[in-house]
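Take a look at the structure set out below.
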Amino acid sequence: MLLYVVRRILYAVPIGIGVTFIVFSLVHIAPGDPISALLPNEATQEMVDEARREFGLDRPFLVQYAIWLGNAAVGNLGTSIGSGRPVATEVMSAVGNTFILATSAGLVACILGFLLGIVAGLWRDRPVDHIVNLITISGVSVPHYWLAIMLVIVFAVDLNWLPPLGIGPDRSGGWRPDWAHISHLILPTIATAAIPMAVIARTLRASVVDVLDQDFITTLRAKGLRRQSVLWHVIRNALPTALAVMGLQLGNMLGGSVLVETVFAWPGTGFLLASAIFQRDLPLLQGTMLVLSMFFVFLNLVVDLVQSATDPRIRRT
Amino acid sequence: MTVDFSRMQAPLPLIEDHGGPQQPLLIASGLRKEFRLSDGLFGGRTVVHAVDDLSLTVGKGETVGIVGESGCGKSTAARLIAGITPADDGEIIFDGESFWTPRARIDGERRRAIQMVFQDSASSLNPRMTLTETLAFGPRAHGVSTEKARAYARDLLGAVGLPPARFAERYPIQLSGGQRQRVNIARALAIRPRLLILDEPVSALDKSVEAQVLNLLVDLRDQLGLSYLFISHDLNVVRYIADRVVVMYLGQIVEEASSADIFAAPRHPYTRALFASKPSPDPRKRVSAPPLTGDPPDPVNPPSGCRFRTRCPIAESVCAASRPPLAAMDVGGTGHRAACWAALPGSGHSLSPRVPASVLGSVQ
Amino acid sequence: MHGTFGETADAETAIIPEMKHHSYSRVVLGRFMRQPVAMTAAGILLVIILAAIFANYVAPADPFQTRVARRLAEIGTPDRWLGGDELGRDLLSRLIYGGRISLSMAVLPVAVGLFVGGLLGILAGYAGGRTNMAIMRAMDVFYAFPSILLAVAIAGALGPGLMNAVLALSMVFIPPIARMAESVTTQVRSYEFVIAARLSGASTARIMREHVLSNVAGPILVFASSQVSVSIIAASGLSFLGLGVAPPNPDWGLMLSALRQSIYVNPWVAALPGAMIFICSVCFNLVSDGVRRAMEVRR
Numbered sequence: 005m006l007l008y009v010v011r012r013i014l015y016a017v018p019i020g021i022g023v024t025f026i027v028f029s030l031v032h033i034a035p036g037d038p039i040s041a042l043l044p045n046e047a048t049q050e051m052v053d054e055a056r057r058e059f060g061l062d063r064p065f066l067v068q069y070a071i072w073l074g075n076a077a078v079g080n081l082g083t084s085i086g087s088g089r090p091v092a093t094e095v096m097s098a099v100g101n102t103f104i105l106a107t108s109a110g111l112v113a114c115i116l117g118f119l120l121g122i123v124a125g126l127w128r129d130r131p132v133d134h135i136v137n138l139i140t141i142s143g144v145s146v147p148h149y150w151l152a153i154m155l156v157i158v159f160a161v162d163l164n165w166l167p168p169l170g171i172g173p174d175r176s177g178g179w180r181p182d183w184a185h186i187s188h189l190i191l192p193t194i195a196t197a198a199i200p201m202a203v204i205a206r207t208l209r210a211s212v213v214d215v216l217d218q219d220f221i222t223t224l225r226a227k228g229l230r231r232q233s234v235l236w237h238v239i240r241n242a243l244p245t246a247l248a249v250m251g252l253q254l255g256n257m258l259g260g261s262v263l264v265e266t267v268f269a270w271p272g273t274g275f276l277l278a279s280a281i282f283q284r285d286l287p288l289l290q291g292t293m294l295v296l297s298m299f300f301v302f303l304n305l306v307v308d309l310v311q312s313a314t315d316p317r318i319r320r321t
Numbered sequence: 046m047t048v049d050f051s052r053m054q055a056p057l058p059l060i061e062d063h064g065g066p067q068q069p070l071l072i073a074s075g076l077r078k079e080f081r082l083s084d085g086l087f088g089g090r091t092v093v094h095a096v097d098d099l100s101l102t103v104g105k106g107e108t109v110g111i112v113g114e115s116g117c118g119k120s121t122a123a124r125l126i127a128g129i130t131p132a133d134d135g136e137i138i139f140d141g142e143s144f145w146t147p148r149a150r151i152d153g154e155r156r157r158a159i160q161m162v163f164q165d166s167a168s169s170l171n172p173r174m175t176l177t178e179t180l181a182f183g184p185r186a187h188g189v190s191t192e193k194a195r196a197y198a199r200d201l202l203g204a205v206g207l208p209p210a211r212f213a214e215r216y217p218i219q220l221s222g223g224q225r226q227r228v229n230i231a232r233a234l235a236i237r238p239r240l241l242i243l244d245e246p247v248s249a250l251d252k253s254v255e256a257q258v259l260n261l262l263v264d265l266r267d268q269l270g271l272s273y274l275f276i277s278h279d280l281n282v283v284r285y286i287a288d289r290v291v292v293m294y295l296g297q298i299v300e301e302a303s304s305a306d307i308f309a310a311p312r313h314p315y316t317r318a319l320f321a322s323k324p325s326p327d328p329r330k331r332v333s334a335p336p337l338t339g340d341p342p343d344p345v346n347p348p349s350g351c352r353f354r355t356r357c358p359i360a361e362s363v364c365a366a367s368r369p370p371l372a373a374m375d376v377g378g379t380g381h382r383a384a385c386w387a388a389l390p391g392s393g394h395s396l397s398p399r400v401p402a403s404v405l406g407s408v409q
Numbered sequence: 014m015h016g017t018f019g020e021t022a023d024a025e026t027a028i029i030p031e032m033k034h035h036s037y038s039r040v041v042l043g044r045f046m047r048q049p050v051a052m053t054a055a056g057i058l059l060v061i062i063l064a065a066i067f068a069n070y071v072a073p074a075d076p077f078q079t080r081v082a083r084r085l086a087e088i089g090t091p092d093r094w095l096g097g098d099e100l101g102r103d104l105l106s107r108l109i110y111g112g113r114i115s116l117s118m119a120v121l122p123v124a125v126g127l128f129v130g131g132l133l134g135i136l137a138g139y140a141g142g143r144t145n146m147a148i149m150r151a152m153d154v155f156y157a158f159p160s161i162l163l164a165v166a167i168a169g170a171l172g173p174g175l176m177n178a179v180l181a182l183s184m185v186f187i188p189p190i191a192r193m194a195e196s197v198t199t200q201v202r203s204y205e206f207v208i209a210a211r212l213s214g215a216s217t218a219r220i221m222r223e224h225v226l227s228n229v230a231g232p233i234l235v236f237a238s239s240q241v242s243v244s245i246i247a248a249s250g251l252s253f254l255g256l257g258v259a260p261p262n263p264d265w266g267l268m269l270s271a272l273r274q275s276i277y278v279n280p281w282v283a284a285l286p287g288a289m290i291f292i293c294s295v296c297f298n299l300v301s302d303g304v305r306r307a308m309e310v311r312r
C-alpha cells in the first residue's frame, strides 16, 4: 500500500508539470504581443523593448517557462494588470470565498446524491425510481448558469425571499455563519450542486443495482439477513465507486463555479477568472488557472488514494 | 454429408514441402519467455518464467499433445510457437526453414503455414462479421478476389458440417458453442496451413459436442495431412487424439513420450500424479486420497533444482541441488524422455535405476 | 471415418431458435425505435434542428429587426409570440435562428474531439507500448483540468469568436474520447479474432479497417454522442461569458446573458433562451441513453 501511495504521488508529478506548462502557454496562444496588453496604447518602441526585457520576453520560450515556474513555486505569480496588486494576493482572497461555496455545494450534492441514488437503486423500477430518474436527468442536463438565473427569478425577484447576488450584506467584515451570510449562500449552493448531485445519484443508483444483482446478496437474503444488514452490505460495496465520482465532481464544480459565481457576483476564483478574461488581464488569468488546476490535480490524487484504500482492487499505476 | 476437400476449389496454393518426410515439420528449440509482473519502484523486478527453455518437435502428420495444470505455461508456449507473443529467446524451424527467431520473422506466403484455433469464447469470432465474411478474410488478405473468397468460404462451412445455405449469412451470436468452434477451425484452415495449434479447442464445450468436434478434427487431419499441436488439460481428450504427449510443469517439460508409452508407464512422479487425478467413469476405480497436494509453487520464486520437488512424494536432497535434465529413458530410441533424478541411472537418488553394464560400456 | 457430423451439427441448431439474419445496425435501430422516451426526444431535436436549418422559411420575423415599442414585450404579443428582447427583436425568430450557432458550437467540438481523440485513442490502443504511453500521458495532462475551466481559460486567452470557442471546446473533448477509444481498442486488440487475423498474415491496415474499426466504432460513437449534451452546456456557457459570437448575432447563451439584465422587467422572457439550451441538452442526453440501451448486447 505504501509503495502504491509513493508511486501514485510520483505519477502526479509529471502531470502537474504538464499542467503548469499548459497554463504558462495560455499567455502565448493569446493573439498579439502579450506586452501590448500591459502598456498603454500610446507606448513608444523604447517602452515596449524595456518592458520586454523587464518581463523576460526576449528570452527563449522554455527559459521563460522555467523562470515563471520558479517564481510560481515561491508564490510569486506576477502582478495583476487590472488592479496592480500581486496576483497571488488576489487569488488567495478569492480562494476562501470559493471554498465556502464549494464546501456547502459539495455537502449538499454528496448528501442528496447519495440518498437519491440509494433510494432509486433499492426501489428499482418503482415510482420513486422514476421520479429520481426525472430529477437526475434534468440535473445532468441543466445549464447551471440558467438554473442560477431561474433561482434568482423565483426566489429573489418573484418571492423576494433571498438576496439575488453578493456574498453578504457588506464586503468588508469577512464571512460569518449568520443568517445574513447564509441567505446569500443558498441560491449559489443550489445552482452549483445541481449537476454533481445528479451525477452522484446516477452513479450510486447504478452501483447499488449492480451490487444487488450479485450472487452474494442473494446468498445474504437466502440466509435470512435482515433488510438493514443487506443495505449495509450494499452501501459498503457501492461506496468506492461513489467516492471516486464524488471526488471528480467536486473538481468539476470548480469549473462550473466560473459561470455560477459570475451570475451571483460571488467574489471567488471563478468570478476572478471571468473578470480577468473581460479585462484581458493575462497574468491574473494565468495565476488563477494555475491555482485551480493544481488543486484539481491534488484532488485527483487524494481521490485515487482514498479509493484504493477502500477498495484494493482498483489501483491505477 | 461427408467432408470432401478434394472436390473444393481452394483459391490458395498448398505450401509445398521442402524437407521431405524425415524432416520434422516443427522444431522449437530453447523457447524462453519471462513476464515482468510490475516494475518495482526502485528497480526491483518480479519476473515470472512462464516458459523456460522449452524444446519440442512435431513430425509431419503427427499430433502432439501438451498437458499440464493451468498456469504451467502451455498456452504461453502455444502463443510463442505461433509467433503471437514475442519470445525472449529460442527459435522455430518450420520444415527446415527458420520460421522466427527473437530478431527475425518469416515473411510472405509461408507465414500462413502455422495457424491457431482458440478456446471457444464470445471473442473468438468477430461479432460484426457474417460467417462468410469471417472465413473469406484470410484468403482475401492473401490476394484472393472477394468473390472467390466468399465462394470458398461457403464450401468451407459445408466441409466443417455447417450447411452454407443456412449458415453463410449468420452472425456468431446466432451459433451454439460447438458451431462456433467449427467456424474457428474452418477459419484456421481457410488459408491452408500445415500445422494447427489448438489451444484447449474443446474445453468450453459440452461432452457430446466435444466428441463431434474431436471427430471433425481427426477427419480433417487425415484428409488434409495436417499436423496438430494440441493443448489441453483433459487427459482423456489428449489420449484420444495425440500420437505423442508432452507434460509441462511450471514452464518446463518434465516428460515426453508416445501416447501409448506415457499412459502405460509414466516415469515422472508429476505425470503419475496427473494421471492418478484423472477422473474415471468406473466407480470401483475411485480414489479418495488426493494424488497431488498443495498448490503449485510461486512461479516468481520457483524451487531450486527440480521444480516439482516441493510437492513430490519421492523428493531427496539431490532434487534440490540441481535441475534434472530431460533424458532418454530407454536405449531403444522410442523417444520416451523424463526429467527426474529418480528415473535417471546413476543420479545419486536412492530410487534411481542401476546403470546397465552395456550402457556403461558404450559410454566409456 | 465418422461421416455424419454434418447432420449432428444440424441437430445442434435445433436448440438455437431460427433468427432472421438482420444486420447489426438494423437491429439497433429497431430497438431504439421501441423506446418511446428516446424517440420523443429525437423528434423534438429533429424539429429544433430542422427549424434552425430552414430558419429563413420558418421564422416569423427578421431576427435583426429592432422595434423600440416591442422592447421586452410580454409572451403572447401579436407580432412577438414569445415576447421581444431587450431591443424589441422577435424572440421566437431569434431562438429559431439561434439554433444555427448554438447547435453548431455544441456539435462541432464533439465532432473534432471524435475525429482527433478517436484517431489518437485507436492508435494508442492498437500500437500499445511506448506509443500508447506517450499519447495517453499527454491526454492525462489535459484531463487534469476541470473541463469547463479549461475551455474558459483557452477561449479567454484566445479571445472571443466562434472559431476560438470551437477550438477551446475541442480541447476539452479530445482527451475523454481518446481515453475511451484507447480502452476499447486495447480490449478488442486482445480478442482472439484479431489475433487470428494477425496470424493469417493480413496487414495492420486491413485488420484495423475490417476487424478493429467496426468493433470500436459503436462504443466510441455512443460515448461521443453522450458528450454533446455536455458540450451544449459548455458552449452556451462560453457564449454567456461573451466568448462566443459577437452581439448582434442570435445565440442562446449570448441572448441569455443579454436578457439577464431584464429579469426584473420581464423574467419569463429572460428565461427562454436558457430553456432552449436545457431542452436540447435533455434531449441529447435521452437520445444517447436510448442508443446506448439499443446497443447493449443481450444474450
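So the sequence lines, in the order shown, correspond to chains D, W and B.
All you need for our numbering is the position in the first sequence, starting with 1, plus 4.
All you need for our numbering is the position in the second sequence, starting with 1, plus 45.
All you need for our numbering is the position in the third sequence, starting with 1, plus 13.
Cβ atoms here follow ideal geometry from the backbone N, Cα and C, with glycine treated the same way.
Inter-stretch contact at 8 Å, needing at least 3 Cβ pairs: the segment 159-170 of chain D / the segment 120-134 of chain D: no
Residue 71 of chain W vs residue 259 of chain W beta-carbon contact at 7 Å: Residue numbering aside, residue 71 of chain W sits at position 26 when the second sequence is read from its first letter. Residue numbering aside, residue 259 of chain W sits at position 214 when the second sequence is read from its first letter. Not a contact, by the Cβ cut-off of 7 Å.
Any non-hydrogen atom of the ligand ADP within 6 Å of residue 300 of chain W CB: This structure lacks the ligand ADP, and indeed carries no ligand of any kind.
For residue 90 of chain D, three-class secondary structure by DSSP: In the first sequence, counting from the first residue as 1, residue 90 of chain D sits at position 86. Three-state DSSP puts residue 90 of chain D in a strand.
As assigned by DSSP and simplified to three states, the class of residue 139 of chain B: Position 126 of the third sequence, counted from the first residue, corresponds to residue 139 of chain B. Of the three classes helix, strand and coil, the one that applies to residue 139 of chain B here is helix, per DSSP.
Residue closest to residue 110 of chain B, alpha-carbon to alpha-carbon, out of B/305, B/43, B/223 and B/267: Position 97 of the third sequence, counted from the first residue, corresponds to residue 110 of chain B. Considering only alpha carbons, the answer is B/267.
As assigned by DSSP and simplified to three states, the class of residue 240 of chain W: Reading the second sequence from its first residue, position 195 is the one you call residue 240 of chain W. Strand at residue 240 of chain W.
Chain B within 7 Å of residue 303 of chain D, Cβ atoms only: If you number the first sequence from 1, residue 303 of chain D lands on position 299. Judged by the 7 Å Cβ criterion, residue 303 of chain D is not in contact with chain B.
Residue 246 of chain B vs residue 265 of chain B beta-carbon contact at 7 Å: To locate residue 246 of chain B, count along the third sequence from 1; it is residue 233. To locate residue 265 of chain B, count along the third sequence from 1; it is residue 252. No, these two residues do not count as a Cβ contact at 7 Å.
Rounded separation between residue 258 of chain B and residue 175 of chain B - CA only: Here residue 258 of chain B corresponds to residue number 245 of the third sequence, with the count starting at 1. Here residue 175 of chain B corresponds to residue number 162 of the third sequence, with the count starting at 1. Between residue 258 of chain B and residue 175 of chain B, the C-alpha separation is close to 5 Å.
Coarse secondary structure for residue 47 of chain B, derived from DSSP in three states: One-based indexing of the third sequence puts residue 47 of chain B at position 34. DSSP, reduced to helix, strand and coil, places residue 47 of chain B outside both helices and strands of the structure shown, so it counts as coil.
Reduced DSSP secondary structure (H/G/I, E/B, other) of residue 53 of chain D: On the first sequence, residue 53 of chain D is found 49 positions in, with the first residue counted as 1. In the structure shown, residue 53 of chain D sits in a helix (DSSP, three-state: H, G or I).
Nonlocal neighbours in the same chain, by C-beta distance under 8 Å from residue 270 of chain B, ignoring five residues either side: Numbered from 1 along the third sequence, position 257 holds the residue referred to as residue 270 of chain B. If we look at residue 270 of chain B and ignore the five residues flanking it on each side, its Cβ neighbours are 252, 253, 254 and 255.
Residues of the segment 43-54 of chain B with Cβ closer than 8 Å to any Cβ of chain W, in chain order: Within the segment 43-54 of chain B, no residue has its Cβ closer than 8 Å to any Cβ of chain W.
Burial state of residue 398 of chain W (16 or more Cβ within 10 Å): The residue you call residue 398 of chain W lines up with position 353 of the second sequence. So residue 398 of chain W ends up on the exposed side.
Residue 110 of chain D: contacting residues in chain B (beta-carbon distance under 8 Å): Within the first sequence, the letter at position 106 stands for residue 110 of chain D. Under the 8 Å cutoff, chain B gives no residues; its nearest Cβ is about 13 Å from residue 110 of chain D.
Close-in-space but distant-in-sequence residues of the same chain around residue 393 of chain W (CB under 6 Å, 5 per side omitted): Along the second sequence, one-based indexing puts residue 393 of chain W at 348. If you ignore the 5 residues before and after residue 393 of chain W, its C-beta comes within less than 6 Å of the C-beta of 363, all in its own chain and listed in chain order.
CB contact below 7 Å: residue 220 of chain D versus chain B: Locating residue 220 of chain D in the first sequence gives position 216, where the first residue counts as 1. Chain B contact via Cβ: absent.
Any beta strand (DSSP E) of 3 or more consecutive residues that is wholly inside the segment 175-252 of chain B: Fully enclosed beta strand (DSSP E) runs of 3 or longer: not present.
Extent of the continuous beta strand (DSSP E) run through residue 276 of chain W: As a working note, residue 276 of chain W is residue 231 in the second sequence. Per DSSP, residue 276 of chain W belongs to the beta strand (DSSP E) from 272-276.
Classification of residue 177 of chain B by the beta-carbon crowding that lies within 10 angstroms, buried from 16 upward: Numbered from 1 along the third sequence, position 164 holds the residue referred to as residue 177 of chain B. Counting of Cβ neighbours within 10 angstroms places residue 177 of chain B among the buried residues, the total reaching 16 or more.
Backbone secondary structure at residue 285 of chain B - three-state DSSP: In the third sequence, residue 285 of chain B corresponds to position 272, counting from 1. In this structure, residue 285 of chain B counts as helix in the three-state DSSP scheme.
Separation of residue 200 of chain B from residue 262 of chain D, as counted between CA atoms: For the purposes of this step, residue 262 of chain D is taken as the residue at position 258 of the first sequence. For the purposes of this step, residue 200 of chain B is taken as the residue at position 187 of the third sequence. If you take the alpha carbons of residue 262 of chain D and residue 200 of chain B, they lie about 38 Å apart.
Where residue 216 of chain W falls: helix, strand or coil (DSSP): Locating residue 216 of chain W in the second sequence gives position 171, where the first residue counts as 1. Three-state result, residue 216 of chain W: coil.
Interface residues of the segment 126-158 of chain W facing chain B [CB-CB below 7 Å]: 127, 129, 156 and 157
Classification of residue 148 of chain W by the beta-carbon crowding that lies within 10 angstroms, buried from 16 upward: The count along the second sequence starts at 1 and reaches residue 148 of chain W at position 103. That one is exposed.
C-alpha distance - residue 253 of chain W paired with residue 267 of chain W, whole-angstrom precision: By 1-based counting over the second sequence, the position of residue 253 of chain W is 208. By 1-based counting over the second sequence, the position of residue 267 of chain W is 222. Answer to the nearest angstrom: the Cα atoms are 22 Å apart.
Pairwise C-alpha distance: residue 273 of chain D and residue 96 of chain D: By one-based count along the first sequence, residue 96 of chain D stands at place 92. By one-based count along the first sequence, residue 273 of chain D stands at place 269. Computed Cα separation, rounded: 9 Å.
The segment 201-220 of chain B / the segment 279-289 of chain B touching (three or more Cβ pairs under 8 Å): no
Any chain W beta carbon closer than 7 Å to residue 208 of chain B: Numbered from 1 along the third sequence, position 195 holds the residue referred to as residue 208 of chain B. Yes, contact with chain W.
Where the alpha helix (DSSP H) containing residue 255 of chain W begins and where it ends: Looking up residue 255 of chain W in the second sequence gives position 210. Its alpha helix (DSSP H) spans residues 252-269.
Near-chain B residues of the segment 179-197 of chain W - C-beta to any C-beta below 7 Å: Within the segment 179-197 of chain W, 182, 183, 186 and 187 place their CB atoms closer than 7 Å to a CB of chain B, listed in sequence order.
C-alpha distance - residue 275 of chain B paired with residue 226 of chain B, whole-angstrom precision: As a first step, residue 275 of chain B must be located in the third sequence, where it is residue number 262. As a first step, residue 226 of chain B must be located in the third sequence, where it is residue number 213. Looking at the two C-alpha atoms, the distance is approximately 51 Å.
Residue 383 of chain W and residue 284 of chain W closer than 7 Å at C-beta: Taking the second sequence and counting its residues from 1, the one referred to as residue 383 of chain W is at position 338. Taking the second sequence and counting its residues from 1, the one referred to as residue 284 of chain W is at position 239. Their beta carbons are not under 7 Å apart, which means residue 383 of chain W does not touch residue 284 of chain W by this criterion.
Length of the line joining the Cα atoms of residue 67 of chain B and residue 57 of chain B: As a first step, residue 67 of chain B must be located in the third sequence, where it is residue number 54. As a first step, residue 57 of chain B must be located in the third sequence, where it is residue number 44. For residue 67 of chain B and residue 57 of chain B, the distance between alpha carbons rounds to 15 Å.
For residue 86 of chain W, three-class secondary structure by DSSP: In the second sequence, residue 86 of chain W corresponds to position 41, counting from 1. Model confidence at residue 86 of chain W stands at a pLDDT of 45, short of 50, so the residue's coordinates are unreliable; what they give is reported in the following sentence. Note: residue 86 of chain W maps to coil in three-state DSSP.
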